[in-house]
Amino acid sequence: MAYHSFLLEPISCHSWNKDRTQIALCPNNHDVHIYKKDGTKWIKIHELKEHNGQVTGIDWAPESNRIVTCGTDRNAYVWSLKGEVWKPTLVILRINRAARCVSWSPKENKFAVGSGSRLISICYFEQENDWWVCKHIKKPIRSTVLSLDWHPNNVLLAAGSCDFKCRVFSAYIKEVEEKPGPTVWGSKMPFGEVLFESGPSGVSGGAGDGAGGGWVHGVCFSHSGNRLAWTSHDSTVAIAEGGKTSTISSLSSETLPLLCVSFITENSLVAAGHDCYPVLFVYDGTKGSVTFGGKLDVPKQTSQRGISARERFQNLDRRATSSETTEQGLESLHKNSISQISVLEGGKSKCSTFCTTGMDGGMEWSHGTSRYTHTHTTHTV
Amino acid sequence: MSKNTVSNRFRTVDVDEYDENKFVDEEDGGENQLGPDEAEVDSLIRQGNLMEALQAVLKNPPINTKNQNVKDCAEGLVLKVLSAFKSSDVDKGVQSLDKNGVDLLMKYIYKGFETPSDNSSAVLLQWHEKALSAGGLGCIVRVLTARKTV
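Chains as they are written, first to last, in UniProt numbering: chain A, 1 to 381; chain F, 1 to 150.
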C-alpha cells in the first residue's frame with residue numbers, strides 16, 4: 001500500500017504506459033503531464049499542451065505507444081512520440097458538447113469517445129486520407145455517456161450513461177476489421193446494435209424500487225468479456241452475465257456512490273468512489289449474488305486516548321452522541337473522492353496491483369490483492 | 001422600438017416542453033397500485049401487534065401511481081404506525097425489515113419530513129436514526145436518487 005500526492009488539485013484522469021514506468025495525468029487543467037518513476041520519486045518529463053478545455057479522458061495504448069486524450073473543448077487528440085516529443089493529431093469528433101471519456105480498443109485500431117452530446121464516437125484511422133474518421137452511435141442514448149469499456153473481441157463496447165442505463169453496443173467497423181464471431185452477448189453485431197440494456201434499476205422485486213436507479217458512473221467487462229459490472233449513483237453495484245441477461249445480480253450498498261469499478265479476477269471486483277477508499281465485491285455466479293468483500297484500505301492507526309468528561313458533554317451537545325472516536329479526519333489514505341481505478345499488474349483476471357486517483361490530487365497503489373484471487377479462482381463459472 | 005416588446009406573454013411559455021431532446025421518464029403502469037391496506041393495518045394497530053402492522057403498511061407502496069391521494073393516504077398510514085411504536089421498540093422494528101424494507105421505510109420517513117405535523121418530526125427522527133444505522137448512507141442516497149418515490 002503506497003500513496004503519493006502529486007498535486008493539491010484533483011487528478012481529472014490518468015493512464016499508465018505499458019511497463020508502468022510512466023503515468024500521464026491531467027492536473028485539473030487543459031494540459032496532460034507525463035511523470036516518470038525514478039526510484040521512489042516521480043519526475044515530470046513532458047507537458048502536452050493542446051486542449052482548450054479541461055482534459056476529461058486519457059488512454060495510453062500499451063502496444064502502439066500512442067496516447068489519446070479528450071476534453072471539454074469537444075476535441076480529441078492522438079499523440080505519438082516522435083523522438084523525445086509527443087506530437088498531437090486532431091481527431092474531429094463532430095460533437096457539440098464536451099467529451100467525457102475515451103478508451104482505446106484492445107487491438108488499438110480504434111477508440112471510443114463518450115460525450116455530453118448523448119452519443120459515442122467510434123474513431124478509426126483511414127489510410128487513404130491519412131486522417132482519423134469517426135462514426136456515431138446515437139440511438140437509444142438519451143443523456144451524457146459517462147464511462148466506456150471494450151470487450152476483448154474488439155467489437156463490443158459497454159457504455160454507462162446518465163440516462164440511468166448501462167448498455168452493450170456493437171462498434172464493428174468493417175473498414176478495419178473482420179466480422180466478429182458470436183459471443184455470449186449475441187451473434188448479430190452490425191454497427192450501433194444494442195446487445196444489452198440494463199433495466200431502470202438492477203434490484204429485482206421487493207418494495208421501494210421498480211424505477212429510478214442512478215447515473216451509471218463506471219462500467220467494466222471481465223477479462224473473458226462474459227460478465228459486465230457497473231456502478232450507479234444510487235449506491236448500487238450490478239453484474240450481468242452475457243446469455244443470462246434476464247437476471248441481473250446487484251447489491252445495494254451502504255456506502256456513498258461508487259464512481260469507478262474494475263474486475264480483478266473473474267469473480268471479484270474492486271470499486272471506489274465518494275467514500276474515498278477502495279472496496280472489494282465478490283460475485284457468485286451460481287447463486288447470482290454480489291456480496292461486499294471488505295475495504296481494501298489500511299487506515300492509519302489512531303491512538304485511542306481516553307475521552308474526558310468535558311469532551312463527552314461537548315460531543316453530546318454537538319452531535320447528540322457521546323461516542324469515543326473524535327473522527328477528526330478521514331481514516332482512509334485518499335482524502336477526497338476517488339474518480340478512477342486502473343489495473344497495473346496481472347490484468348483483469350489476476351490483478352495483483354491496482355492504482356486509484358482522485359480529487360485530492362493523490363495516487364494510491366495497492367499490492368497483495370492476491371489473497372482475493374486465491375480464494376476465488378476455484379469457482380467454476 | 002417595435003411594438004412587440006409591450007406584451008409579456010412570451011415569458012409564460014415553458015421552453016423546455018418544446019425541446020425535442022427532453023428526457024421523458026419511462027411510464028410504468030401504476031394505476032392499480034392502491035397502497036397499503038388501511039383496514040388491515042388499523043386492525044393490527046388496535047390489536048397491539050405493531051411488528052405485523054409495520055410489515056403490512058410497507059406492502060404495496062404507491063410508487064408508480066400518479067394519484068396524489070393514494071400517496072398521501074399511504075404516508076398518513078405509515079406515520080400512524082410509526083407513532084404507535086414505543087421508543088424502545090423502534091430498533092426491533094427496523095431489525096425486522098429486510099434491505100428493501102429499510103430503503104422503503106427511509107423513503108416514507110423523508111416524505112413525512114416534507115409535511116410536518118405536531119409530533120411527527122420527533123417520531124420520524126427516531127426512526128431515521130435507527131434506519132440509518134441499519135441501511136447506511138447508501139439508503140439515503142437511494143431516497144435522493146429515486147425518480148419515482150412514495
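Glycine is no exception: its CB is placed at the ideal position from the N, C-alpha and C atoms.
As the structure is a computational prediction, the values presented were derived from the model and not from experiment.
| Is DSSP giving F/H128 helix, strand or coil here? | helix
| request: Label A/F221 either buried or exposed according to how many other C-beta atoms from any shown protein chain fall within 10 Å of its C-beta, with 16 as the threshold for buried. | output: With 16 or more other Cβ atoms inside 10 Å of its own Cβ, A/F221 counts as buried.
| said: According to DSSP, is F/I140 part of a helix, a strand, or is it coil? | reply: helix
| task | Scan the region 141-157 of chain A for residues whose Cβ lies nearer than 8 Å to a Cβ of chain F and list them as they occur along the chain. | result | The residues in question are R142, S143.
| said: Output needed in chain order: residues of the region 306-318 of chain A with a Cβ under 8 Å from some Cβ in chain F. | reply: none
| query | What is the DSSP secondary structure of A/M359, counted as helix, strand or coil? | reply | coil
| Cutoff 7 Å; reference A/I122; Cβ partners in own chain excluding five residues on either side | K110, A112, C134, K135, I137, A171, I173
| What whole-angstrom Cβ distance do A/Y277 and A/K295 have, given they're in contact under 8 Å? | 5 Å
| query | A/H46 to F/E114, Cα distance in whole Å? | reply | 54 Å
| Expressed to the nearest angstrom, what Euclidean distance is found between the alpha-carbon atoms of A/S103 and A/P10? | Rounded to whole angstroms, A/S103 to A/P10 spans 21 Å at the Cα level.
| Is the Cβ of residue 384 of chain A closer than 9 Å to any Cβ of chain F? | The structure shown does not extend to residue 384 of chain A, since chain A is modelled only from 1 to 381, so the question has no answer here.
| request: Answer with yes or no whether the minimum CB distance from F/V141 to chain A is below 9 Å. | output: yes
| query | Can a CB atom of chain F be found closer than 9 Å to the CB of A/G116? | reply | no
| request: Tell me, please, whether the CB atom of F/R147 is closer than 9 Å to any CB atom in chain A? | output: F/R147 counts as touching chain A.
| said: Against chain A, does F/N21 count as a neighbour if the rule is that its beta carbon must be under 9 Å from one of theirs? | reply: Taking Cβ atoms only, chain A reaches closer than 9 Å to F/N21, which makes this a yes.
| said: Classify A/V145: buried if its beta carbon has 16 or more other beta carbons within 10 angstroms, exposed otherwise. | reply: Looking at its Cβ environment, which holds 16 or more other Cβ atoms inside 10 Å, A/V145 is buried.
| task | Could you pull the start and end residues of the beta strand (DSSP E) that A/S252 belongs to? | result | 248-252
| When you check each C-beta in the region 154-184 of chain A against every C-beta of chain F, which residues fall closer than 8 Å? | D163, F164
| field | Through-space distance from A/I141 to A/A98, alpha-carbon basis | value | Looking at the two C-alpha atoms, the distance is approximately 16 Å.
| request: Below 6 Å CB to CB, which residues in the same chain sit around A/G206 once its five sequence neighbours on both sides are set aside? | output: Its pLDDT being 31, under 50, A/G206 is placed unreliably by the model, and the measurement read from it follows with that caveat. Answer for A/G206: no residue qualifies.
| task | Compare the C-alpha of A/L81 against each of A/I95, A/S349, A/E63, A/N52 and name the closest. | result | If we check each option's Cα against that of A/L81, A/E63 comes out closest.
| query | Taking the Cβ atom as the reference point for each residue, do F/N69 and F/Q33 lie within a distance shorter than 9 Å? | reply | no
| Which residues in the same chain as F/V94 place their Cβ atom closer than 6 Å to its Cβ, once the five residues preceding and following it in sequence are excluded? | Correct list, in chain order: K130, A131, A134.
| request: Would you mind telling me which residues of chain F sit closer than 9 Å to A/P257, beta carbon to beta carbon, in chain order? | output: G138, V141, T145
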